[in-house]
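See structure below.
Next comes the structure, spelled out in structure tokens:
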């Protein structure tokens, strides 16, 4: 605030001359309108009529306004008279011009009638001459007459054209005259209306003069009465002003304390809101980390499952590979056995072939021997038959061996095909094994990455839990601090209300009954407690307690706003009669006084001591003119013996809004205001309310 003062002074440098001129004018007016006193002496009594500068200025202003209005009305009336005379002169000139125009029209009509008569006479004369002659005329006479007739016709045509032109101009002039006549009539009518209005305004001005005179006389009488009453009450003004200043300071201090508490509450609420937002952000991060950890765990499980499946497939492939290798070895063994059998068969076939060759050679030798010796034929035949049988047997054995060889060859070919298929299957299984090995390695790497990510997420989750715990501790500290300050403010307000004599429990019950429900709601979300989630029971309970205290504090604020702590007068006053037992000022008997009698200047504004609604405004027996204000929560105030009421029933009033003027109506011995405070129609001591705020501030 101190830094802003030079800029504000710099901004007002341009207006300094104007303010100096205004101050000079004000000083001159203050020197001109000073306190004056008029002494009135009648019947050996001297009365003093005091004229304050404000009253003198107001009277001069009213006189100046009346004189200005009268001058303006007079000048306007004279100006309208001049305008009316000018318009009447113009109307006379218009009427004269209209008469001249009518005379000219009459002259034109007479001229037209004379021309018409001359034409008719000429026509009659010509017709009579033609009828009287009866004999043929000479050609030159007929020509002369025809020329004369043509000349007369031409003159007639010219005269007719000229007459038509004059008649057309005359019609235009007549229309113009008629139009001007209508406009003149309208102007005459408007002037007559203006004259009537001017007369009415003049009458109103005269009536206003009379009213101003009456008002001035009434104002002078009221001022004299006010001065006399003010002279009687001038003795206690200084003490009352000091007391009022003290009350204002106390109330201002209370308001500042209230504002400070409200600001501190707003600050704490903003801190609480930021802490809640931070907590919500951390909760969201924790939930995101939990989701990510769950996804990582699921990925690890899937990778483990995939690895197990791949391991199983690899085992089955290895088993199939072992079976294929075993089958291959068996086939190779069979192939080796078949090769050995084939080799044996070949050796046997070769032996049989060699034996056959030997037999053929022996047969040849026997045949030669048979040819050489017939004696040995029979033996040779028998031997030959035996050899043939042996040869047939050898041929059968050779054919069987060939069949066996062909079967072995086919079996070898089948085994070779099976061996090629087994080789291809082994190659395919080896490719699958390589792919599965690579997949398993990728799964291992992915598992390691997921494990690292899981460890990272666990570390982040641990850090988040740590941050959340620290945030919860800060949150709880803020809640405890706010709760302590709220409790302190509640204790101060409850102490303030208890000093007034109000039943605090009853007032709070009534105030709480005006708030429907407990202000809670929202969708139902079932709570699931997880091992990773920290238990937040204690901060929630603390926050609930704080919410209850804040709600109690808000209700107390409403009750305090409706509690009448201030005095009903802003001017200097003193208490002439206190609350409770007193001697009646009229009959002198003991009586019960249900309020305070506050004495101040007559017509001083009486103010509402707290916001509320006017519940009664009118005349009440014994109290005179009374205003009752309902402040809510069962608290009402009453202002009696008023001179004038300026509010009406149902009107909503603010703090220190005027309800009437201090007077002497009803059962009263002098100008004062009777001030009551009631709770549920039970009278309370208003002085306790006035002293409560100052007591709390001192404490």
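Numbering (full-length UniProt numbering), first residue to last: 1 to 699. Glycine included, every Cβ here is placed at the ideal spot set by N, Cα and C.
Buried or exposed for residue 305, going by 16 or more other Cβ atoms inside 10 Å?
By one-based count along the chain shown, residue 305 stands at place 305. So residue 305 ends up on the exposed side.
If contacts are defined as beta-carbon pairs under 8 Å, then residue 675 and residue 623 qualify, I think. What distance do you get, rounded to the angstrom?
On the chain shown, residue 675 is found 675 positions in, with the first residue counted as 1. On the chain shown, residue 623 is found 623 positions in, with the first residue counted as 1. About 11 Å separates the two Cβ atoms, so there is no contact after all.
First and last residue of the alpha helix (DSSP H) that includes residue 23?
Counted from its first residue, the chain shown places residue 23 at position 23. From DSSP, the alpha helix (DSSP H) with residue 23 extends over 16–32.
Closer than 8 Å is the cut-off here; do at least three beta carbon pairs connect the stretch 413–420 with the stretch 327–338?
As far as the Cβ criterion goes, the stretch 413–420 touches the stretch 327–338, which means the pair count is three or higher.
Once you ignore the five residues that flank residue 688 on each side, which residues in its own chain have a CB closer than 8 Å to its CB?
For the purposes of this step, residue 688 is taken as the residue at position 688 of the chain shown. Closer than 8 Å at the Cβ level, and outside the excluded window around residue 688, lie 499, 500, 501.
Residue 507 - containing alpha helix (DSSP H), residue span
Numbered from 1 along the chain shown, position 507 holds the residue referred to as residue 507. 504–513 is the extent of the alpha helix (DSSP H) around residue 507.
Any contact between the stretch 345–359 and the stretch 442–458? By contact I mean 3 or more CB pairs, one from each, below 8 Å.
By the Cβ rule, the stretch 345–359 does not count as touching the stretch 442–458, because fewer than three pairs are nearer than 8 Å.
State the DSSP-derived secondary structure class of residue 597, mapped to helix, strand or coil.
Taking the first residue of the chain shown as 1, we reach residue 597 at position 597. Here residue 597 sits in strand by DSSP.
Taking DSSP's pairing of strands, which residues face residue 656 in a bridge?
Position 656 of the chain shown, counted from the start, is the residue given in the question as residue 656. DSSP, once it has assigned bridges, lists no residue as partnering residue 656.
Nearest to residue 214 by alpha carbon, out of 453, 290, 59?
As a position in the chain shown, residue 214 is number 214, starting the count at 1. Selected option, being the one with the closest Cα: 59.
So residue 648 packs on residue 617, CB below 8 Å; how close in whole Å?
For the purposes of this step, residue 648 is taken as residue 648 along the chain shown, with counting starting at 1. For the purposes of this step, residue 617 is taken as residue 617 along the chain shown, with counting starting at 1. Contact holds; Cβ gap of about 6 Å.
Would you check if there are 3 or more beta carbon pairs closer than 8 Å linking the stretch 592–610 to the stretch 654–671?
yes
Mind checking which residues open and close the beta strand (DSSP E) that includes residue 605?
Within the chain shown, the letter at position 605 stands for residue 605. That run of the beta strand (DSSP E) goes 605–607.
Are the Cβ atoms of residue 40 and residue 49 separated by less than 8 Å?
Against the chain shown, residue 40 aligns to sequence position 40. Against the chain shown, residue 49 aligns to sequence position 49. In this structure, residue 49 lies closer than 8 Å to residue 40 by Cβ.
Alpha carbons only, please: which of 458, 360, 266 is nearest the one belonging to residue 717?
Since the first and last residues shown for the chain are 1 and 699, residue 717 lies out of range.
For a test of the three-state rule: what should DSSP assign to residue 424, helix, strand or coil?
Taking the chain shown and counting its residues from 1, the one referred to as residue 424 is at position 424. DSSP places residue 424 in helix when its eight states are reduced to three.
In chain order, what residues of the same chain have a beta carbon less than 6 Å from the beta carbon of residue 684, not counting five sequence neighbours either side?
For the purposes of this step, residue 684 is taken as residue 684 along the chain shown, with counting starting at 1. Non-local beta-carbon contacts of residue 684 in its own chain, meaning distances under 6 Å to residues more than five positions away in sequence, involve 501, 677 in chain order.
Going residue by residue through the stretch 607–652, where are the continuous alpha helix (DSSP H) segments of at least 4 residues, counting only ones entirely within it?
The alpha helix (DSSP H) runs lying completely inside the stretch 607–652 and spanning 4 residues or more number zero.
Inspect the beta-carbon positions of residue 557 and residue 603 and report whether they are closer than 8 Å.
In the chain shown, counting from the first residue as 1, residue 557 sits at position 557. In the chain shown, counting from the first residue as 1, residue 603 sits at position 603. Their beta carbons are not under 8 Å apart, which means residue 557 does not touch residue 603 by this criterion.
Is it true that the CB of residue 673 sits closer than 8 Å to the CB of residue 598?
To locate residue 598, count along the chain shown from 1; it is residue 598. To locate residue 673, count along the chain shown from 1; it is residue 673. Yes, they are a contact pair.
Compare the Cα-Cα distances from residue 312 to each of 437, 223, 110, 634 and report the closest residue.
Against the chain shown, residue 312 aligns to sequence position 312. The shortest CA-to-CA distance from residue 312 to any of 437, 223, 110, 634 is the one to 437.
Exposure label - residue 625; buried when at least 16 CB within 10 Å
Taking the chain shown and counting its residues from 1, the one referred to as residue 625 is at position 625. Residue 625 is buried by the Cβ-count criterion.
Are the Cβ atoms of residue 77 and residue 223 separated by less than 8 Å?
In the chain shown, the residue the question calls residue 77 occupies position 77. In the chain shown, the residue the question calls residue 223 occupies position 223. In this structure, residue 223 does not lie closer than 8 Å to residue 77 by Cβ.
Can you tell me whether residue 65 is buried or exposed, with buried defined as 16 or more other CB within 10 angstroms of its CB?
Taking the first residue of the chain shown as 1, we reach residue 65 at position 65. Under this definition residue 65 is an exposed residue.
Taking all protein chains shown into account, decide if residue 612 is buried (16 or more other Cβ within 10 angstroms of its Cβ) or exposed.
In the chain shown, counting from the first residue as 1, residue 612 sits at position 612. Label assigned to residue 612: buried.
Whole beta strand (DSSP E) runs in the stretch 568–598 with 3 or more residues, listed along the chain?
Qualifying beta strand (DSSP E) stretches, in chain order: 574–577, 580–583, 590–593.
Any 3 or more C-beta pairs closer than 8 Å across the stretch 477–494 and the stretch 543–550:
yes
Please give the ranges of any alpha helix (DSSP H) in the stretch 62–98, keeping only runs that are unbroken, at least 4 residues long and fully inside the region.
DSSP runs (the alpha helix (DSSP H)) wholly in the stretch 62–98: none.
Contact defined as beta carbons within less than 8 Å: I believe residue 440 pairs with residue 320. What is the distance between those atoms, to the nearest angstrom?
Stepping through the chain shown from its first residue, residue 440 is reached at position 440. Stepping through the chain shown from its first residue, residue 320 is reached at position 320. That pair is no contact at about 17 Å.
State yes or no: is the C-beta of residue 590 within less than 8 Å of the C-beta of residue 579?
Numbered from 1 along the chain shown, position 590 holds the residue referred to as residue 590. Numbered from 1 along the chain shown, position 579 holds the residue referred to as residue 579. No. Outside cutoff.
Around the C-beta of residue 488, are 16 or more other C-beta atoms found within 10 angstroms, so that it is buried, or is it exposed?
Indexing the chain shown from 1 puts residue 488 at position 488. With fewer than 16 Cβ atoms within 10 Å of its Cβ, residue 488 is classed as exposed.
Inspect the CB distances between the stretch 627–636 and the stretch 551–565 and report whether three or more fall short of 8 Å.
yes
From the DSSP secondary-structure annotation, give me the bridge partner or partners of residue 42.
By 1-based counting over the chain shown, the position of residue 42 is 42. In the DSSP secondary-structure assignment, residue 42 is bridged to 45.
Quick check: the Cα distance between residue 412 and residue 323, rounded to an integer number of angstroms?
To locate residue 412, count along the chain shown from 1; it is residue 412. To locate residue 323, count along the chain shown from 1; it is residue 323. Near 20 Å, if we compare the C-alpha coordinates of residue 323 and residue 412.
Just to confirm before moving on: does the CB-CB distance between residue 395 and residue 359 stay below 8 Å?
Translated into the one-based positions of the chain shown, residue 395 becomes position 395. Translated into the one-based positions of the chain shown, residue 359 becomes position 359. Going by C-beta atoms, residue 395 is not nearer than 8 Å to residue 359.
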